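Asker: So for the sequence shown, my numbering puts the first residue at 162; every next one is plus one.
Just passing along the structure, written as structure tokens.
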Amino acid sequence: MSVPTGDAVALTSALVRCDSRNPSLAPGATGEGAIAVVLRDVLASWGMDARVIEVAPERPNVVAIIHGTGGGRSMMFNGHIDTVGVEGMVHPPFDASIRDGRLYGRGSSDMKGGVAAMCAAAARVRGGAGGQLKGDLVIAAVMDEEWTSLGTRALLDSGLRADAAIVTEPTGLRIMPAHKGFVWLEIVVAGRASHGSRWDIGVDAIRGAGLFLAELDRLDREALPRRTHQLLGRPSVHASVIEGGLGLSTYPDRCVIKVERRTLPGERAQDVLVEFQSLCARVRATRPEFGFETTVSFAQPPSDVPLDAPVVEALSTSVREAGHAMSIAGMSAWTDAALLNERGIPAICFGPGDMGLAHAAEEYIAVNEIEHATAILASLARRWCN
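Set out below in structure tokens:
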């Protein structure tokens with residue numbers, strides 16, 4: 162596929178035309194294999210040594226490194242190439258049509274525009290005026306971010322490192338140094354099955370679940386608002402799924418509640434588990450007939466980089482020099498920046514697109530934002546690596 166060197170919009174179109182739905186979210190989807198080959202071939206045509214590195218069967222990362230001359234800091238540009246499904250979309254998901262300054266398609270905003278911008282920025286730095294970079298510039302296009310982030314985990318497990326990272330998620334060109342984490346919990350409420358007429362021996366697990374939900378409501382109304390972060394506000398919690406019951410004339414012996422708790426920097430999954438065990442204990446103290454078992458099914462950490470960190474200051478300067486208003490905010494969604502930070506690589510989010518359009522029935526990205534992001538990222542690479 163022929164894409165002019167450093168043309169971020171053309172590369173966005175090429176990537177959107179690739180169906181890269183994550184098979185963990187879209188049964189039957191083929192994953193990231195095809196898009197990885199397209200991206201590798203484009204980067205190779207731009208003069209980069211790009212490698213396809215398999216993480217799971219037919220589901221690879223793409224990594225390219227522009228090696229510096231030495232003596233400079235290294236930078237990683239990171240972005241994911243998988244997308245969610247296309248059910249309910251109101252326009253063709255993979256035709257990458259451009260209308261009224263917008264490029265439409267699944268993944269255009271989340272986040273193939275950002276991946277294209279970081280790759281085009283690297284090409285412009287590599288082949289532009291100003292000579293070679295002193296520090297290395299790493300391009301990492303990863304798989305599976307939409308599910309369990311196998312791609313970035315494998316990248317880090319391989320030993321790849323950098324002095325800082327930009328995750329080019331859609332931020333509308335705002336600098337986002339922090340985002341919340343999340344913990345998924347499962348609470349199993351135990352009752353005792355019996356015929357509906359035997360109130361004397363039946364224990365209604367669904368009623369027990371209701372008592373737990375009342376405690377959950379108290380947590381959300383009273384305790385969580387007292388914890389705040391300057392960019393992210395308060396943590397949150399919601400009951401996502403509830404399952405239970407055997408029949409209209411049977412006392413339910415079991416009810417399962419699945420809950421998501423969004424966490425602030427400093428809150429760990431273990432802390433949340435203890436918090437929920439305390440909620441269950443409050444119910445049990447007044448209603449000992451109910452049993453509760455609480456487990457964490459999955460968790461991702463929060464992410465936080467200080468506002469005065471060198472990478473934030475360097476990116477702020479590049480944004481201002483490009484003539485844009487510099488804005489710092491908290492990221493609403495979870496991203497791979499948390500995994501990079503966890504491994505000691507200061508990582509912040511910055512890229513084109515609107516997170517409000519991610520996973521939506523209508524998904525598009527403003528073409529001019531792709532161009533602006535590319536220019537800013539190229540400026541940042543020169544500033545940071547030199």
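Don't be surprised by glycine CBs; every beta carbon is placed ideally from N, CA and C.
Source: prediction; values computed, not measured.
Looking at Leu538 and Met279, is the spacing between their C-beta atoms short of 9 Å?
Answerer: In contact: Met279 and Leu538 (Cβ atoms closer than 9 Å).
Asker: What are the complete beta strand (DSSP E) segments, minimum 3 residues, inside the stretch 436-504?
Answerer: The stretch 436-504 contains these whole beta strand (DSSP E) runs: 452-461 and 489-492.
Asker: Can we count Tyr525 as close to the ligand MG, meaning its CB is less than 8 Å from some heavy atom?
Answerer: The ligand MG is not among the ligands present in this structure, which contains no ligands whatsoever.
Asker: How would you write the range of the beta strand (DSSP E) that Cys416 sits in, first residue to last?
Answerer: Here the beta strand (DSSP E) through Cys416 covers Arg415 to Thr424.
Asker: Have a look at Gly240, Gly408, Gly357 and Asp261 and flag the residue whose alpha-carbon is nearest the alpha-carbon of Val528.
Answerer: When each option's Cα is compared against that of Val528, the closest is Asp261.
Asker: For Arg353, which of Gly320, Gly405, Phe343 and His533 has the nearest alpha-carbon?
Answerer: If we check each option's Cα against that of Arg353, Gly405 comes out closest.
Asker: As a quick exercise: from Ser181, Pro221 and Ala534, pick the residue whose alpha carbon is nearest that of Asp168.
Answerer: Nearest C-alpha to Asp168: Ala534.
Asker: Out of Tyr525, Thr313 and Ser355, which has the shortest C-alpha to C-alpha gap to Thr411?
Answerer: Residue Ser355 is the option with its Cα nearest to Thr411.
Asker: Do you know whose CA, among Asp324, Asp256 and Leu500, lies nearest Phe341's CA?
Answerer: Looking at the sequence shown, residue 341 is not Phe but Lys. Residue Leu500 is the option with its Cα nearest to Lys341.
Asker: Let me confirm a value: Thr332 is counted as buried when at least 16 other C-beta atoms fall within 10 Å, else exposed. Which label applies?
Answerer: Label assigned to Thr332: buried.
Asker: Please name the residue in Gly246, Arg335 and Gly232 whose C-alpha comes closest to that of Arg481.
Answerer: For Arg481, the nearest C-alpha among the options comes from Arg335.
Asker: Please return the same chain residues whose Cβ sits closer than 7 Å to the Cβ of Val276, not counting the five positions on each side in sequence.
Answerer: So the list reads Leu176, Gly240, Ile242, Ala302 and Thr329, once near-sequence residues are dropped.
Asker: Checking 9 Å against the spacing of the C-beta atoms, do Cys510 and Asp297 come in under that value?
Answerer: No, these two residues do not count as a Cβ contact at 9 Å.
Asker: Using 8 Å as the cut-off, can you tell me whether the stretch 381-399 makes contact with the stretch 415-435, which would need three or more C-beta pairs spanning the two stretches below that distance?
Answerer: Yes, the stretch 381-399 touches the stretch 415-435.
Asker: Grouping DSSP H, G and I as helix and E and B as strand, with all else coil, what is Leu298?
Answerer: It is a strand residue.
Asker: Could you check which residue in Trp495, Arg504 and Gly369 has the C-alpha nearest to that of Ala519?
Answerer: It is Trp495.
Asker: Can you give me the C-alpha to C-alpha distance between Val245 and Pro218, rounded to a whole angstrom?
Answerer: Computed Cα separation, rounded: 19 Å.
Asker: For Trp345, which residues does DSSP report across the bridge?
Answerer: Trp345 is bridged to Glu421 and Phe459.
Asker: Candidates Pro463, Ile348 and Ile489: which alpha carbon is nearest Val402's?
Answerer: Of Pro463, Ile348 and Ile489, the residue nearest in Cα terms is Ile348.
Asker: By a C-beta neighbour count over all protein chains shown, 10 Å radius and 16 as the cutoff for buried, is Pro253 buried or exposed?
Answerer: It is exposed - the Cβ of Pro253 has fewer than 16 other Cβ atoms within 10 Å.
Asker: Give the DSSP-derived three-state secondary structure of Thr411 in the structure shown.
Answerer: In this structure, Thr411 counts as strand in the three-state DSSP scheme.
Asker: Could you please give the first and the last residue of the uninterrupted beta strand (DSSP E) stretch that includes Cys510?
Answerer: Where Cys510 is concerned, the enclosing beta strand (DSSP E) stretches over Ala508 to Cys510.
Asker: What is the DSSP secondary structure of Gly240, counted as helix, strand or coil?
Answerer: Note: Gly240 maps to strand in three-state DSSP.
Asker: For the alpha helix (DSSP H) containing Arg379, list its first residue and its last residue.
Answerer: Segment Ala366 to Arg379, the alpha helix (DSSP H) holding Arg379.
Asker: Roughly how many whole angstroms lie between the Cα atoms of Ala370 and Thr455?
Answerer: Taking the straight line joining both Cα atoms gives about 12 Å.
Asker: Excluding the 5 residues flanking Val565 on each side, which residues of the same chain have their C-beta closer than 8 Å to its C-beta?
Answerer: Nothing can be reported for residue 565: it is not among the residues displayed for the chain, which extend from 162 to 547.
Asker: Once you ignore the five residues that flank Ala171 on each side, which residues in its own chain have a CB closer than 7 Å to its CB?
Answerer: Counting only Cβ-Cβ distances below 7 Å, and skipping sequence neighbours, we find Val164 and Pro165.
Asker: With DSSP run on the structure shown, which of helix, strand or coil describes Asn529?
Answerer: In this structure, Asn529 counts as helix in the three-state DSSP scheme.
Asker: To the nearest angstrom, report how far apart Pro118 and Pro426 are at their CA atoms.
Answerer: Residue 118 lies beyond the range of the chain shown here (162 to 547); nothing can be said about it.
Asker: Note the first and the last residue of the continuous beta strand (DSSP E) segment covering Ser258.
Answerer: Run containing Ser258: none; DSSP gives neither H nor E here.
Asker: Tell me whether Ser235 sits in a helix, a strand or coil according to DSSP, three-state version.
Answerer: Of the three classes helix, strand and coil, the one that applies to Ser235 here is coil, per DSSP.
Asker: Given this structure, state the Cα-to-Cα distance separating Asn183 from Gly357, to the nearest angstrom.
Answerer: Rounded to the nearest angstrom, the two C-alpha atoms are 45 Å apart.
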